[in-house]
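Some notes on the structure that comes next.
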């Protein structure tokens, strides 16, 4: 594996707050999803990789080098921050041009780099307008153009989908995929699983500063499929449904309503099997059934409760 980013027992704390805890990963070339809820430690990981933070313990290497105060290595890295910090009065073009100049490009080369980056994010028509007139989605595009300016080998995109309309989101998905196909390493940070799935099949699952899983999304999906679930069944005969489901030893708790039944099961696939049989055999009218906790938060809690810091 061609490791581009490597961490060993990487930890960062702020006073008594542990932002990142004992993270050891080897990240190869390609698009990698960094997936976790807000406050999970994603941005802290990225800022450590950029040398903006000093590790409290452990180390991180980018392209084999420690990034902190390492200008040579950081020249090969691009960063799209979650929050923007623009000079509102200047145009998008001016902002990007001077960033390129400060990066060491001569005027003519800087102009070409800006035009290329702006074209890739579909902002050519508005690049000479003041940033203050841009919508949130346009501002997000400028941030992404900034990331592409110097044609970096490694890109960190921190929640890049924020504020984008459906068309812009689709364009960015395609851009991220193309960057991966060009042989670049893209760390795509998000708290939304389907966003990550759209651009990669490999994910780092992070929660409360810990890496809970690192592997293929299909394996993460298996974790979602197999973890205990709360299932809501809508029916006019909830007690009769319960009588039929009572043979399922995986059901641990049951709550009734006048038109529904809520069960907690340790084996959702087995419970779904019983529900399907009821529906097909028409033993009792069932109008619908669904998972009430089919989300990442539930998966994270399950992984923590089963003590799974894992590489899948």
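Residue numbers (the numbering used here): 17 to 328. Every residue gets a Cβ at the ideal spot worked out from N, C-alpha and C, and that includes glycine.
Subject >> Rounded distance between the beta-carbons of residue 255 and residue 272, thought under 8 angstroms >> reply: With 8 angstroms as the limit, residue 272 and residue 255 qualify as a contact, their Cβ atoms being about 7 angstroms apart.
Original post:
Which of helix, strand or coil does DSSP assign to residue 35?
Top reply: The three-state reading of DSSP puts residue 35 in strand, counting E and B together.
**OP:** Within the same chain, show all residues whose beta-carbon is closer than 7 angstroms to that of residue 199, passing over the 5 residues directly before and after it, in chain order.
**Re:** Excluding residues within five positions, the ones whose Cβ falls inside 7 angstroms are 45.
Subject >> Helix, strand or coil at residue 232 according to DSSP, with G and I counted as helix >> reply: Three-state DSSP puts residue 232 in a strand.
Original post:
Taking the Cβ atom as the reference point for each residue, do residue 139 and residue 107 lie within a distance shorter than 8 angstroms?
Top reply: No; because the gap between Cβ atoms is not below 8 angstroms, this pair is not in contact.
**OP:** Using alpha carbons as the reference points, say which of 111, 266, 94 and 293 lies closest to residue 281.
**Re:** The residue among 111, 266, 94 and 293 with its C-alpha nearest the C-alpha of residue 281 is 266.
Subject >> Helix, strand or coil at residue 54 according to DSSP, with G and I counted as helix >> reply: When DSSP states are grouped into helix, strand and coil, residue 54 belongs to the coil group.
Subject >> Residue burial classification, residue 296 (beta-carbon count within 10 angstroms, cutoff 16) >> reply: In summary, residue 296 is exposed, with fewer than 16 beta-carbon neighbours lying within 10 Å of its beta-carbon over all protein chains present.
**OP:** Sort 118, 98, 31 and 41 by Cα distance to residue 91 and report the nearest one.
**Re:** Selected option, being the one with the closest Cα: 118.
Subject >> Among 32, 62, 294 and 288, the one whose alpha carbon lies nearest that of residue 306 >> reply: Closest in alpha carbon position to residue 306, among 32, 62, 294 and 288, is 288.
Subject >> DSSP three-state assignment for residue 19, whether helix, strand or coil >> reply: Reduced to three states, the DSSP call for residue 19 is strand.
Original post:
If you draw a straight line from the C-alpha of residue 325 to the C-alpha of residue 19, how long is it?
Top reply: Unreliable positioning characterises residue 325 in this predicted model, as indicated by a pLDDT of 47, which lies under 50. The coordinate reading is nonetheless provided below. The alpha-carbon atoms of residue 325 and residue 19 are separated by roughly 21 angstroms.
**OP:** Return the chain-ordered list of same chain residues with a C-beta closer than 7 angstroms to the C-beta of residue 205, the five sequence neighbours on each side being excluded.
**Re:** 50, 58, 62, 173, 174 and 175.
Original post:
Around the Cβ of residue 103, are there at least 16 other Cβ atoms within 10 angstroms (buried) or fewer (exposed)?
Top reply: Residue environment: residue 103 is assigned as exposed (fewer than 16 neighbouring CB atoms within 10 Å of its CB, all protein chains considered).
Original post:
Contact check, residue 65 vs residue 83 under 8 angstroms by CB: the rounded distance?
Top reply: Sure, about 6 angstroms apart at Cβ, within 8 angstroms.
Original post:
Taking only runs of the alpha helix (DSSP H) that begin and end inside the region 63–102, which ones reach a length of at least 4 residues, in chain order?
Top reply: Segments of the alpha helix (DSSP H) lying fully in the region 63–102: 87–90.
Original post:
With distances taken from CA atoms, which of 28, 146 and 89 is nearest residue 166?
Top reply: Of the listed residues, the one whose Cα sits closest to residue 166 is 89.
Subject >> Sufficient close CB pairs (3 or more, under 8 angstroms) joining the region 130–139 to the region 155–170 >> reply: In the pairwise beta carbon analysis, the region 130–139 is classified as touching the region 155–170: at least three pairs are separated by under 8 angstroms.
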